[in-house]
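Protein chains in written order, with the numbering used here: chain Z, 1 to 115; chain P, 1 to 115.
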Amino acid sequence: DQQVKQNSPSLSVQEGRISILNCDYTNSMFDYFLWYKKYPAEGPTFLISISSIKDKNEDGRFTVFLNKSAKHLSLHIVPSQPGDSAVYFCAASASSGGSNYKLTFGKGTLLTVNP
Amino acid sequence: GAVVSQHPSWVICKSGTSVKIECRSLDFQATTMFWYRQFPKQSLMLMATSNEGSKATYEQGVEKDKFLINHASLTLSTLTVTSAHPEDSSFYICSTRDRGTDTQYFGPGTRLTVL
């Protein structure tokens, strides 16, 4: 049972345009959500996070939106740059229920930004 | 974000040997570290949660006698793959949790190849 789903395995956008990466989750105990960027053979790099008490968090070109009722979050990158090309992972954690803050990851979306 | 190092970055070994991977939190004391494994084109899968001064908590399906975890200090956790076999070949990544934000920061990963 996949609790965090990234249904688009890949996304291609033009440089300067907006990239929108989507993520859905099923576990209502999740209350903290994160986006990571990953290059091959490297560890994930933290990009941005959002707590369930918020519906939006912005950091420079990156904005994460959370829709709790739909159990959906998205990452917006604007403007997109060729250096943004990587695999983006959505992750979620629950602060209660003995989960010990472990992260559950989606399968990732490969973003390609074309010059 | 936090700086996490891993050593070695890659290792090739013969079947039946044991391999130790180190994970160090360089800029803060980490009472909790996590060990993940990633197979090609798949998501990161949590293997175990490493707690300083106590036994690690393993995820379902992960053999604790095969993947030995030691978290002897607040800045170092080690993962030992005992009697490694070719099916253990994977990318192993550790992370530390920033208790202030609940964000996990990842090391660069270790590529293990068992011949």
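Backbone N, C-alpha and C fix where the C-beta goes; we use that ideal spot for every residue, glycine too.
query	result
Leaving out five residues on either side along the sequence, give the residues of the same chain with a beta carbon under 6 Å from the beta carbon of P:T78.	K20, E22 and N70
Anything in chain Z within Cβ reach of P:Q60, meaning under 7 Å, just list it in chain order.	Per Cβ cutoff of 7 Å: no residues; P:Q60 is ~12 Å from chain Z at best.
Please report the distance separating the alpha-carbon of Z:D24 from that of Z:G83.	26 Å
Distance, Cα to Cα, P:P40 vs Z:S8?	17 Å
Based on the DSSP output, what are the partners of P:A84 in its beta bridges?	According to DSSP, which records beta bridges pairwise, P:A84 is partnered with nothing at all.
When the Cα atoms are used, what is the spatial distance from Z:E58 to P:V114?	43 Å
Does chain P have any CB closer than 8 Å to the CB of Z:L75?	no
Under 8 Å, Cβ to Cβ, is there at least one residue of chain P near Z:L11?	no
Can you name the residues of chain Z whose CB is closer than 8 Å to the CB of P:I93?	G43 and P44
Buried or exposed for Z:L34, please, with buried defined as at least 16 other CB atoms from any protein chain shown within 10 angstroms of its CB.	buried
According to DSSP, is Z:D59 part of a helix, a strand, or is it coil?	strand
When the Cα of Z:E15 is compared with those of Z:T45, Z:P79 and Z:G106, which residue comes out closest?	Z:P79
Cα separation between P:G100 and P:I12?	37 Å
For a contact defined as C-beta to C-beta under 7 Å, what are the partners of P:G107 on chain Z?	G43
Mark P:D88 as exposed unless 16 or more other C-beta atoms lie within 10 angstroms of its C-beta, in which case mark it buried.	buried
Does P:S25 come within less than 8 Å of chain Z when only Cβ atoms are used?	no
Could you tell me whether any Cβ in chain P is nearer than 8 Å to the Cβ of Z:Y32?	yes
From this set, Z:N114, Z:F105 and Z:L11, which residue's C-alpha is nearest Z:F46's C-alpha?	Z:F105
Roughly how many angstroms separate the alpha carbons of P:S18 and Z:S12, rounded to a whole number?	42 Å
Could you check whether the Cβ of Z:L66 sits closer than 8 Å to any Cβ belonging to chain P?	no
Output needed in chain order: residues of the stretch 42-58 of chain P with a Cβ under 9 Å from some Cβ in chain Z.	Q42, S43, L44, M45, L46, T49, N51 and T57
Using a beta-carbon distance below 8 Å, is Z:S8 in contact with chain P?	no
What three-state label does DSSP hand Z:D84 in the structure shown?	helix
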